[in-house]
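Colleague: Under this note's numbering, think of the first position of the sequence shown as 70, with each following residue one higher.
Please see the structure below; I have some questions.
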Amino acid sequence: MQCPKCLNQPLRATKLEQGLSAMGCSQCEGAFVTLLYYRDWVERNPSIDSEEKIPLNTAELQEVDDSHSALSCPKCSRLMSKYKISGESNNRIDLCFTCDEAWLDGGEWELLKALELSKKMPLVFTEQWQKKLQKQATQQAREQRLLKFISQQDLDEVKRIRQWLAEHPNKEQLMFFVNQ
70 MQCPKCLNQP LRATKLEQGL SAMGCSQCEG AFVTLLYYRD WVERNPSIDS
120 EEKIPLNTAE LQEVDDSHSA LSCPKCSRLM SKYKISGESN NRIDLCFTCD
170 EAWLDGGEWE LLKALELSKK MPLVFTEQWQ KKLQKQATQQ AREQRLLKFI
220 SQQDLDEVKR IRQWLAEHPN KEQLMFFVNQ
């Protein structure tokens with residue numbers, strides 16, 4: 070099998086973690102992970118995230134080199150689907166539905182560990198996860214537009230008031246009064 074990113078480099082057996090085998094590329098440091106092996110590894114290592122948590126530094130997350138174009142599965146040659154990992158990073162995991170295999174670009178395994186997702190990777194492939202990330206991105210864009218007119222301090226106060234209203238037992242009456 071050839072690396073789907075480099076195209077001319079052979080994939081060789083490697084380990085992402087003790088007990089988690091993958092096929093890796095020595096040039097781009099990407100890894101092709103069989104999700105069957107991955108799920109078995111998660112079952113055998115239930116406390117892996119709490120033991121190996123890496124401090125989250127969003128500046129470092131942006132440095133991970135993500136493949137931007139669609140990749141072909143090294144096994145079946147079909148196009149793999151891309152799934153955004155988090156709102157803190159633009160990285161996306163590539164998934165082949167046919168082979169049930171995932172391509173992690175170099176550094177993405179460390180990113181998953183930093184985000185405490187290393188034993189929850191299949192969540193990234195769900196519609197619910199992707200919608201949550203899209204909702205977060207929309208909210209962040211909305212806040213950035215508002216910051217053109219108000220200060221960060223004002224935005225923080227608006228968010229505090231919004232939260233207070235959402236939790237208040239007389240929310241409807243308060244909103245009626247505010248909107249008059």
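Backbone N, C-alpha and C define an ideal beta-carbon position, used for all residues, glycine too.
All values reported here derive from a predicted model rather than from experimental measurement.
Do V102 and E212 have their CB atoms nearer than 9 Å?
Modeller: no
Colleague: Quick check on DSSP: helix, strand or coil for D169?
Modeller: For D169, the three-state secondary structure derived from DSSP is coil.
Colleague: From which residue to which residue does the alpha helix (DSSP H) around M190 run?
Modeller: M190 to V193
Colleague: Quick check: what's the CA-CA separation for L181 versus L243?
Modeller: 42 Å
Colleague: From this set, L234, D109, F245 and F194, which residue's C-alpha is nearest G88's C-alpha?
Modeller: D109
Colleague: Can you give the Cα-Cα distance for R229 and I162, rounded to whole angstroms?
Modeller: 35 Å
Colleague: Quick check on the burial criterion: 16 or more other C-beta atoms within 10 angstroms. Buried or exposed for V227?
Modeller: exposed
Colleague: Hey, is the stretch 170–179 in contact with the stretch 140–160, meaning 3+ C-beta pairs nearer than 8 Å?
Modeller: The stretch 170–179 vs the stretch 140–160: in contact.
Colleague: Identify whether D174 lies in helix, strand or coil by the three-state DSSP scheme.
Modeller: coil
Colleague: Considering only C-alpha positions, which residue in the set S155, S95, K84 and Q96 is nearest to Y106?
Modeller: K84
Colleague: Whose C-beta lies closer than 8 Å to the C-beta of K74 among residues of the same chain, with five residues either side of it excluded?
Modeller: C94, C97, G99, S136, L140, W172 and D174
Colleague: Cα-Cα, which of G176, Q71 and Q249 is closest to P159?
Modeller: Position check: residue 159 holds Asn in this sequence, whereas Pro was assumed. Comparing Cα positions, the closest option is G176.
Colleague: Evaluate S187 with the Cβ neighbour count: other Cβ atoms within 10 Å of its Cβ, from every protein chain shown; 16 or more gives buried, anything less gives exposed.
Modeller: buried
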